[in-house]
Amino acid sequence: MTAKTQDAKAQDLPAAAPVHSTPLLLRHLPYFIVAAIAVFAAATMSFDGYVLNILMQATTFAVAVFGLTVVLGLCGQINLAQAAFFGLGAYVVGLGTTDYQINFWICLIGGSLVALLAGALLGMSTLKLGGHYLAMVTISFQQILTLVIINAIWLTHGPDGISKIGRPALFQSQQSFLALCVAVLALVGYLVWHLPDTRIGRAMRAVRDNELAAGVAGIDIFRTKVLAFALSALLGGLGGGLFAGGFSYVSPDQFSFAESIVFLTMALLGGVGSPIGAVIGTGLLILIPEWLRFLKSIPGLYLAIYGLFVILIVRFMPDGIWGFVQDMLTRWCTKRPAAMTSPALQLVPAKTGGDMVLEVTGLSKHFGGLKAVDKVDIAVRRGGVHALIGPNGSGKTTTLNMLSGLYKVTSGKIMLDGTDVTDMPPHQRTAAGLGRTFQNIRLFRSMTALENVVIGAERPGNTLTGNGGQDALTERALSALTFVGLGPRANELVSSFSYGHQRLIEIARALAGNPTLLLLDEPAAGLNSTEKLELHDLLKRIAAQGLTILIIDHDMTLVREAAQHITVLNFGKRIADGESLAVLQHPDVISAYLGTE
Amino acid sequence: MDQILQLLFTGIGIGAVYALVALGFVLIFRATNVVNFAQGEFSMVAAFLMVVFAVDLQWPYWLSFIVSLAGMALFGVIFNLGVYYPLRHRTFLPVIIATIGASIFLANSVLAIYGPAPQVLEGWFETPGIQLGPVYLDSQYLLIIAVTIALVILNYWFFEHTMLGKKLQATSQDKEMASLLGISVSGMIMITFIYSAVLGGLAGILVAPVLFVSIQMGATIALKAFAATIIGGFGDVTGAIIGGIALGIIETFGAAYVSVPYKDAFAFLVLILFLVFRPQGIFGERVAEKA
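As structure tokens, this is what we get:
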């Protein structure tokens, strides 16, 4: 089905605005009613002490496991020290309310903040590096903290632990405190549930799905990861603080590495993608050992089983129990996505510099002794299509990677619309007005087409999304998708699109951000001839709105027809530059492509 | 001065153990691009195998040694088939989580069988050591150092001068190209796991008489070895060895002059310092992902 017939179909359907008419809190009222009932039940039902303890443990643990939902599920970063953050919160509350006689609430907030701070520092030291480092550093942190808790007896009471931990005035009885914990759980669960649909939540998912593309879409990868990690630590600390209040007693072994693994298993078993999974996993792993008490009679046995669980879950049920259930639900009752209409896409490229949108002077990239790009000058005039061509190995992609900030330049200068972007990381260049696509498509694979494009629309510096509210972003994203002809399929996962359509989604993602300059890296690669014609048409429509395009491609037909100006590279040097027909007849260019006689 | 020499000797001895485990880390990392978080458990399992054969069954020490290492080779096969191989096409996160799961499983299975009390394994030699001037050379440490030197030489010869070693190198550098040249990539990865398990096992058996044989030894050794690979630079064999020995020395001096209970914290501090100031390690180079 071509894009045009889909457009026609969409017009037949009744128009439904993408904007939600009822206010958010009203739509979520049922959740709060259920939560209120749960809190009421926790406060009034009569439990014996045993059940009360289990419920208390499950609620406080679940808060900490929510932390893993954020960092591991949402952002794809590992945290093997959740028990350490849990312990930080617990010890601040424990020591604060006993040795220092400080108010419980202050201790609870203080404990959460200490955990947050520890998480942020730990994250900042490691998150620039790959995930292996994070795993090992969190394990180390966990072990060091355990060492400190046991050995710094003057501060922590050492192996004896802390008893008679205080509770706040209103919640003196264990049962009323449980009701408080359930209320906190419900609130935190609500926030974590909605986090994926917020700007920062989307950024986290983008980082998890494809770091490189996230950076180029304008997301500060490092900040996003540190934030996710710190948030996870904060929830660990909060859970720990409540745990200390709930049981009035803490000891070092409750916060050991083994407990971090228990938290991890809970998150993985229930499903790391959703807070519902966290609750399921926590509940099961607290109840199962209670049902099978003999497991606890042999030390090590139940942890050995957890370890085995982890291997099996990762292999056979990577999305956990809730992910499995969700899969079944979507298979049985596929919702037909509502048809949506949107205004036509507007492109208003910024004009702060002079005639030239992009001015590259003396750009060089050396890999050791190899001069991949050597003193190249490129000047892209505002408006119209400029092409950068050259045979394989001529340095085109290296140039592009320097333009978008994935490679550091060896020397030279890059001015984008009057701003020097030479030393900026990718996300800042995007903020400065650069939009790009990749030769090998880089979309956020777990998201819908619309969500992918919304991330593009969130480009810092995009002036066309009004107040930046959810509705304005969605509308903008939908306009961009409609512009490339995929509007009616906005709510489908990107993995269900054909290769050519995925390429269009990538272009829509860049367009939604209203860039000043659009870089297209071999957009015709892998497209069939019909798709190439559609692409050509699309480029014309984009250029017609005044957006400047710099295209890198092998496809000479596309380049000849679409570009007004061509720069040719060979062996890392610029060999020709000028108006397209003249350049294509240049003898050096012909010999570079066809060889000399 | 005497004490410094003595500490240096001990530091090098313990560092040699870290170096052996670090070597196993690096070999698996280079072959699979994944850090095996159960690497330390290889040492722990081997040490317990020694306890089974040499202590419980009272077999001769040399025989127990050979059977334990053979057991580790088999263990490498099982580990690869059970943990790595099914996940080889997934991203690194599931794989490292699986190796962490394996680590927990192994340590706690041994705990369930043997209980928490540490086991004692005698050293290889009857004579406890020799006095050389002011320094007392413990025979087990001498053995560790000698074996490490021999292995480093063997390792170099194997990777640079044998066909199999070159195939392994080719696999670790470019799997696709290696398979196009007719090298069985999964075969090479299997060999890497076997080799790495034997190396880790050897380290465990050698260090067992110095430490106690406990279920925690795996995690402790793994952390130190990981720190060693970061000091040396990931993916660099020489770096792992020098990093391991450097860490052993730092830790021994730290315990002697700063604090004994926090001995294990020095590795962590060094790790963090390197991550912040020189994440590529002493010898390593950072490789950027290509667009």
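Chains as they are written, first to last, in the numbering used here: chain A, 881 to 1477; chain B, 40 to 330.
Beta carbons are placed, not taken as given, at the ideal position from N, Cα and C, and that holds for glycine.
Please read all numbers here as calculations on a predicted model, not as lab measurements.
query: In chain A, which residues lie with their C-beta within 7 Å of the C-beta of V24 (chain B)?; result: Here chain B has residues from 40 to 330 only, and residue 24 (chain B) is not among them.
query: Do the region 1106–1113 of chain A and the region 992–1006 of chain A make contact, defined as three or more Cβ pairs closer than 8 Å?; result: yes
query: Specify the secondary structure class of E853 (chain A) as computed by DSSP and reduced to three states.; result: In the structure as shown, chain A starts at 881 and stops at 1477, and residue 853 (chain A) therefore has no counterpart that could be examined.
query: By the criterion of Cβ-Cβ separation under 9 Å, what are the contact partners of S178 (chain B) in chain A?; result: The premise fails here: S178 (chain B) is roughly 31 Å from chain A at the closest Cβ pair, so nothing lies under 9 Å.
query: Can a CB atom of chain A be found closer than 8 Å to the CB of N119 (chain B)?; result: no
query: Would you mind listing the beta strand (DSSP E) stretches within the region 146–215 of chain B that are 3+ residues and don't spill past its ends, in chain order?; result: 168–171 and 174–177
query: Less than 8 Å between the beta carbons of F64 (chain B) and Q78 (chain B), yes or no?; result: yes
query: Looking at the strands, I want to know which residues DSSP matches up with T1145 (chain A).; result: In DSSP, T1145 (chain A) forms no bridge with anything.
query: Which residues, in order along the region 992–1022 of chain A, keep a beta-carbon less than 9 Å from a beta-carbon of chain B?; result: L1002, M1004, S1005, T1006, K1008, L1009, G1010, G1011, H1012, Y1013, A1015, M1016, V1017, I1019, S1020 and F1021
query: Is there contact between the region 984–998 of chain A and the region 1137–1146 of chain A, where contact requires at least three CB pairs shorter than 8 Å?; result: no
query: Taking Cβ to Cβ, would you say L250 (chain B) is nearer than 8 Å to M256 (chain B)?; result: yes
query: Only counting runs of 4 or more residues, tell me where the alpha helix (DSSP H) segments fall wholly within the region 1318–1369 of chain A, in order along the chain.; result: 1329–1337 and 1350–1363
query: Answer with buried or exposed for G1458 (chain A), where buried requires no fewer than 16 other C-beta atoms within 10 angstroms of its C-beta.; result: exposed
query: Can you list, in chain order, the residues of its chain whose CB lies under 6 Å from that of A888 (chain A), leaving out five sequence neighbours each side?; result: Any reading at A888 (chain A) is ruled out, since the residue's pLDDT is 40, under 50, leaving its predicted position unreliable.
query: Compare the beta carbon distance of T277 (chain B) and F322 (chain B) with 8 Å and say whether it is the shorter of the two.; result: yes
query: Starting from G1426 (chain A), follow its DSSP beta bridges and name the residues at the other end.; result: Partner(s): none; G1426 (chain A) has no beta bridge.
query: State the CB to CB distance for the pair I1030 (chain A) and P1132 (chain A), rounded to an integer number of angstroms; the pair is presumed to be in contact (CB under 8 Å).; result: 5 Å
query: Taking 8 Å as the cut-off, does the region 933–947 of chain A touch the region 1093–1102 of chain A (at least 3 CB pairs, one atom from each stretch)?; result: no
query: Distance check for Q937 (chain A) and E1139 (chain A), CA to CA, integer angstroms please.; result: 13 Å
query: Of the residues B:Q319, B:I260, B:V94 and B:S142, which one's Cα is nearest the Cα of G283 (chain B)?; result: B:I260
query: In or out: P1467 (chain A) buried (at least 16 other Cβ within 10 Å) or exposed?; result: exposed
query: Which residues in chain A sit within 8 Å of G154 (chain B), going by Cβ to Cβ distance?; result: P1179
query: Could you check whether the Cβ of V1194 (chain A) sits closer than 8 Å to any Cβ belonging to chain B?; result: yes
query: So is G1315 (chain A) buried or exposed if we call it buried at 16+ other beta carbons inside 10 Å?; result: buried
query: Which residues in chain B have a C-beta closer than 9 Å to the C-beta of I958 (chain A)? List them in chain order.; result: L132, I135, I136 and I139
query: When you compare the CB positions of L1373 (chain A) and T1328 (chain A), do they come within less than 8 Å of one another, or not?; result: yes
query: Look up L1384 (chain A) in the DSSP assignment and say whether it is helix, strand or coil.; result: helix
query: Which residues in chain A sit within 7 Å of F76 (chain B), going by Cβ to Cβ distance?; result: A1015
query: Output needed for Y124 (chain B): all residues of its chain with C-beta closer than 6 Å, excluding positions within five of it in sequence on either side, in chain order.; result: none
query: Helix, strand or coil, according to DSSP, for T882 (chain A) in the structure here?; result: Below a pLDDT of 50, predicted positions are generally treated as unreliable, and T882 (chain A), at 42, falls in that range; the measurement from the model is reported next regardless. In the structure shown, T882 (chain A) sits in coil (DSSP, three-state: anything other than H, G, I, E or B).
query: Please list, in chain order, all residues of the same chain as N1281 (chain A) whose beta carbon is under 6 Å from its beta carbon, the five residues on each side excluded.; result: Y1287
query: Any idea what DSSP makes of G999 (chain A), helix, strand or coil?; result: helix
query: Please identify the residue among A:M1016, A:V1228, A:I1258 and A:L1227 whose C-alpha is closest to the C-alpha of G1242 (chain A).; result: A:I1258
query: Using the Cα positions of Q170 (chain B) and G1161 (chain A), report the straight-line distance between them to the nearest angstrom.; result: 59 Å
query: Check this for me: beta carbons of G240 (chain B) and F118 (chain B), under 8 Å apart or not?; result: no
query: Going along chain A in order, which residues have a C-beta closer than 8 Å to the C-beta of V5 (chain B)?; result: Past the edges of chain B, shown from 40 to 330, lies residue 5 (chain B), and the structure says nothing about it.
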